[in-house]
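In the working numbering, the protein residues as written are 695 to 1044.
Ideal Cβ positions, reconstructed from N, Cα and C, are used throughout, including at glycine.
Okay, so here's the structure we're looking at.
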Ligand code: P1T
């Protein structure tokens, strides 16, 4: 009798593990308008698995503003595989020519984030998809910063979408996870092989939490954006703020492009404070609702100092060249009441 029930339990357990992981993969593919989804143990695991498509001698063209951990992976790990990366500055008149000029005979892949981390630059996905197609390259878009609720890169011609599900998709800062979505069957079967071969897969419980997060993605994203837009407007007029980066503000250099490829601008804001690092120290010591922590995309507001935290792996000269200054602060605006958040920022700034 016990043997039978134990056997049944094992069967059910297997179904629970496989079904939960497969279901989250299908759900992620569906909300990204893709055919195939693959889930991973972290965003970096998803990134590493995609980069495993490359071989010794291959070359990547990447946007120059991107998550410091991705930069570290490209420079400290992938470079050791014999795969090199050229970074493209997108703060120029003719961004498409800059990407085109960076392509070499051995280039295999274009890697972008949009909006970028931490300077919230916007990269034209449809134009890059055309360049990628003409040069037979794979276009990868890390869509972590706005989630598929506001932007679906596969619809704009990208080949692969990458996510850190740790962020908006999970939504509650209580899991670490990643995802890859594609509609290309050949790419999918290669990535499915690497997913299994490398083994950085999520646990069933984390998969379940991502599934649960997806159910409230729409309401959370709307609230993140409403709050961020309110705070961005407040901050841009504040005398202690030198500069603000938020694609939803009409004076953002790529606001028009942002409007064409996203249906909303998300909940991330970066700002430079007047008074350099000393001003940042004071601000951080006074703020109460925004928790000083790496990560983003949770219901509770977070504050990050990119120079020492998310982008600490980038050598100082490189970092400064990319515009990540000592007075830069990044806000992940949560879904608390917008006036509470404003008061908190006001108190910390004044
Ligand atoms: O933390 P992890 O789940 O491994 O995700 C990596 C990652 C990938 N892509 C982007 C755009 C990211 O921002 C991240 C992680 N970023 C942070 C932890 C951060 O605070 O910016």
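Candidates the options: closest to residue i by CA position
| i | options | result |
| --- | --- | --- |
| residue 710 | 975, 900, 856, 980 | 900 |
| residue 748 | 957, 801, 821 | 801 |
| residue 864 | 734, 1024, 1016 | 734 |
| residue 1066 | 818, 911, 887, 854 | Examination of residue 1066 is not possible in this model, given that the chain is present from 695 through 1044 alone. |
| residue 855 | 840, 715, 1005 | 840 |
| residue 987 | 997, 980, 979, 981 | 997 |
| residue 767 | 978, 740, 870, 921 | 740 |
| residue 1016 | 815, 827, 928, 743 | 815 |
| residue 971 | 999, 742, 956, 945 | 999 |
| residue 989 | 1004, 979, 978, 981 | 1004 |
| residue 724 | 744, 1018, 843, 806 | 843 |
| residue 719 | 938, 944, 902 | 902 |
| residue 977 | 1025, 1010, 950 | 1025 |
| residue 829 | 813, 847, 945, 793 | 793 |
| residue 845 | 782, 868, 956 | 956 |
| residue 1035 | 974, 1001, 924 | 924 |
| residue 948 | 817, 965, 790 | 817 |
| residue 868 | 716, 697, 736, 806 | 736 |
| residue 783 | 803, 982, 770, 813 | 813 |
| residue 973 | 891, 1006, 929, 1044 | 1044 |
| residue 904 | 883, 871, 913 | 871 |
| residue 743 | 726, 884, 716 | 884 |
Reduced DSSP secondary structure (H/G/I, E/B, other) of residue i
| i | result |
| --- | --- |
| residue 958 | coil |
| residue 966 | strand |
| residue 1033 | helix |
| residue 803 | strand |
| residue 793 | helix |
| residue 736 | coil |
| residue 826 | helix |
| residue 778 | strand |
| residue 862 | coil |
| residue 895 | coil |
| residue 854 | strand |
| residue 762 | helix |
| residue 712 | helix |
| residue 999 | coil |
| residue 873 | strand |
| residue 939 | strand |
| residue 1007 | coil |
| residue 756 | strand |
| residue 1024 | strand |
Closer than 8 Å: residue i CB and nearest the ligand P1T heavy atom
| i | result |
| --- | --- |
| residue 984 | no |
| residue 715 | no |
| residue 779 | no |
| residue 839 | yes |
| residue 724 | no |
| residue 988 | yes |
| residue 804 | no |
| residue 760 | yes |
| residue 752 | no |
| residue 739 | yes |
| residue 956 | no |
| residue 915 | no |
| residue 847 | no |
| residue 815 | no |
| residue 842 | no |
| residue 870 | yes |
| residue 858 | yes |
| residue 736 | yes |
| residue 836 | yes |
| residue 1002 | no |
| residue 1009 | no |
Residue burial classification, residue i (beta-carbon count within 10 angstroms, cutoff 16)
| i | result |
| --- | --- |
| residue 756 | buried |
| residue 722 | buried |
| residue 759 | buried |
| residue 707 | exposed |
| residue 980 | exposed |
| residue 799 | exposed |
| residue 713 | exposed |
| residue 773 | exposed |
| residue 1014 | exposed |
| residue 950 | exposed |
| residue 811 | buried |
| residue 1021 | buried |
| residue 1011 | exposed |
| residue 853 | buried |
| residue 831 | buried |
The region 828 to 835 / the region 1035 to 1042 touching (three or more Cβ pairs under 8 Å): Short answer: they don't touch.
Do the region 1024 to 1039 and the region 991 to 1003 meet, that is, are 3 or more Cβ pairs less than 8 Å apart? The answer is yes - the region 991 to 1003 touches the region 1024 to 1039, with three or more Cβ pairs under 8 Å.
Three or more C-beta pairs below 8 Å linking the region 949 to 961 and the region 915 to 924: Yes, they touch.
Is there contact here, the region 700 to 716 with the region 815 to 831, by at least three beta-carbon pairs under 8 Å? Segment contact: the region 700 to 716 against the region 815 to 831, fewer than three CB-CB distances shorter than 8 Å; contact not assigned.
Inspect the CB distances between the region 716 to 733 and the region 871 to 889 and report whether three or more fall short of 8 Å. Short answer: they touch.
Contact between the region 884 to 902 and the region 926 to 939 (3+ Cβ pairs under 8 Å): The answer is no - the region 926 to 939 does not touch the region 884 to 902, with fewer than three Cβ pairs under 8 Å.
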